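Below: the structure, in structure tokens.
Below, the structure written as structure tokens:
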């Protein structure tokens, strides 16, 4: 199965030596997206502002890989403060849509300097 790395300038730069995404056959693995702008500056506002920025990065990477977030089969969400869970669900529904919603795991984690990180696995087969 052929695979290829995806790096785009329409999303925040990767925070280390890794790709924004890897396409392996009909499956696309999206690295964690954080609330930063494509120029690398951080979005430091409210949880909602940070969540929208992270989802916009994730969507930009999905598009660069030839897909959309509607192709998600699994989404992982990592929250600094689990009290943001209800607000996350409201924002999540604006970006993850479709007839067949993906599975999701949401975990509280000790993020430092930002409130949310999101990764996903997309399937683009028939």
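Numbering (the working numbering), first residue to last: 9 to 134.
Ideal Cβ placement from N, Cα and C applies to all residues, glycine included.
Here the structure is a predicted model, which is why all the values come from computation and not from measurement.
Given residue 102 as reference, the closest of 53, 59, 23, 22 once Cα atoms are compared:
Within the chain shown, residue 102 is the residue found at index 94, counting from 1. For residue 102, the nearest C-alpha among the options comes from 59.
Buried or exposed, going by whether 16 or more other CB atoms sit within 10 Å of the CB of residue 90?
As a position in the chain shown, residue 90 is number 82, starting the count at 1. Residue 90 is exposed by the Cβ-count criterion.
Report the option in 134, 122, 131 whose CA atom is closest to the CA atom of residue 50.
Counting from 1 along the chain shown, the entry for residue 50 is found at position 42. Residue 122 is the option with its Cα nearest to residue 50.
Where does residue 47 sit, in a helix, a strand or coil, going by DSSP?
Taking the first residue of the chain shown as position 1, residue 47 is located at position 39. In the structure shown, residue 47 adopts coil according to DSSP, grouped into three states.
Assuming residue 13 contacts residue 30 (C-beta within less than 8 Å), just tell me the rounded distance between them.
In the chain shown, counting from the first residue as 1, residue 13 sits at position 5. In the chain shown, counting from the first residue as 1, residue 30 sits at position 22. Right, the Cβ-Cβ distance comes to about 6 Å (below 8 Å), so this counts as a contact.
Residues that DSSP places opposite residue 38 in a beta bridge:
As a first step, residue 38 must be located in the chain shown, where it is residue number 30. Under DSSP, the beta-bridge partners assigned to residue 38 are 29, 128.
Pick helix, strand or coil for residue 69, following the three-state DSSP scheme.
Walking along the chain shown from the start, residue 69 turns up at place 61. Secondary structure of residue 69 (DSSP, three-state): helix.
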